[in-house]
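In our numbering, the protein residues as written are 267 to 415.
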């Protein structure tokens, strides 16, 4: 009975290693958010006013909100496709019609998109004599190379 125990243990170890080392077949994953979700950053600067016997502050608030991708295709097309007006492809008519039926009142409001932000930065850089598009593309590439912690 003793020789069977080491053989069974070896078989169990070999089977465990095989199961653990076999590659798991998974579909490509994407991160999407619920419709109308957004993320933002808020910076507040508060300056005290020098008034005797009072605690009064003057506050400046700066806020930026960004809509999050509601579909996997919103995210995977990449930011460069959103920057160039020539490369934006319209939605197919049947897909646009089905989307229109699901839209809410909030969807119909105009949104401040990444494309608009990049375009404003590009125009300001051009105003100061720089090649705006080249600077934006370089910024995107350099930021893409940095890890997000």
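For each residue, glycine too, the CB sits at the ideal point set by N, CA and C.
Residue 331: member of the beta strand (DSSP E) spanning 322-333, first to last residue. Assigned with DSSP and collapsed to three states, residue 314 falls in strand. For the set 403, 301, 413 and 316, the Cα lying nearest the Cα of residue 337 is the one of 301.
CA-to-CA, the gap between residue 396 and residue 321 works out to about 45 Å.
The shortest CA-to-CA distance from residue 399 to any of 318, 412, 383 and 413 is the one to 383. Here residue 388 is buried, its C-beta having at least 16 other C-beta atoms within 10 Å.
Taken through DSSP and simplified to helix, strand or coil, residue 306 comes out as strand. Residue 309 is classed as exposed because its beta carbon has fewer than 16 other beta carbons within 10 Å across all chains shown. The alpha carbon of residue 378 has as its nearest neighbour, out of 311, 329, 333 and 407, the alpha carbon of 333. Take residue 328, set aside five residues on each side of it, and the residues of its chain with a beta-carbon closer than 6 Å to its own are 309, in chain order. Per DSSP, residue 298 lies in no alpha helix (DSSP H) and is assigned neither H nor E.
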